[in-house]
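Residue numbering for the sequence shown follows our numbering, starting at 7 and increasing by one per position.
Even glycine gets a Cβ: it sits at the ideal position worked out from N, Cα and C.
Since the model is a prediction, treat every value here as computed from it, not as a measurement.
Beneath this line is the structure, given in structure tokens, with notes to follow.
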Amino acid sequence: MNKNTLFVGILVVLVLGGGFYWMLSNKPVDTVTETNQMPVVTSGENPQPGSAVHDLPVEPAAASARKDLATKLGVDEKSIVIMQIDETTWSDGCLGLGGPAESCLQTLVPGFKVEMLAKGKTYMYRTDKTGTSIRAETQ
7 MNKNTLFVGI
17 LVVLVLGGGF
27 YWMLSNKPVD
37 TVTETNQMPV
47 VTSGENPQPG
57 SAVHDLPVEP
67 AAASARKDLA
77 TKLGVDEKSI
87 VIMQIDETTW
97 SDGCLGLGGP
107 AESCLQTLVP
117 GFKVEMLAKG
127 KTYMYRTDKT
137 GTSIRAETQ
């Protein structure tokens, strides 16, 4: 065996041994922390006001709809659970809910359909993209 082969063999043993020692001496890193964990809501369960699910950021338009509903019901906004937000395009400036005596701008209006739960009842709202135009669907 020549000197070069012996040197390479010793070098390989040192590198592998050092790497193995480093792996054993370092504490494993926990990749999931409590702050990253989200509660899982299974079907049939409603998120509770103040829960991590309920307090997730929502579209500003949906927040405007929640504020309007809270005002109408006389309740705190946080007591209203936004169940679903669907992006849609409305057929006119009245968000498809214009009355017979109402003149609605005839243009396509991008926006959202927002389903909310308050006081045990479901409420449906329609908004434009920014939340400046809000209409409650009648039930």
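Start-to-end residues for the beta strand (DSSP E) that takes in residue i
i: residue 74; result: It is not in any beta strand (DSSP E) - residue 74 instead sits in the alpha helix (DSSP H) that spans 66–79.
i: residue 127; result: 127–134
i: residue 142; result: 140–142
Collapsed DSSP secondary structure at residue i in the structure displayed
i: residue 121; result: strand
i: residue 83; result: helix
i: residue 63; result: coil
i: residue 90; result: strand
i: residue 116; result: strand
i: residue 137; result: coil
Separation of residue j from residue i, as counted between CA atoms
i: residue 143; j: residue 110; result: 16 Å
i: residue 72; j: residue 121; result: 10 Å
i: residue 84; j: residue 118; result: 20 Å
i: residue 64; j: residue 106; result: 33 Å
i: residue 70; j: residue 138; result: 8 Å
i: residue 78; j: residue 108; result: 22 Å
i: residue 116; j: residue 96; result: 6 Å
i: residue 93; j: residue 82; result: 25 Å
(Q) Contact between the stretch 85–103 and the stretch 130–137 is defined here as three or more beta-carbon pairs at a separation below 8 Å; is this criterion met? (A) yes
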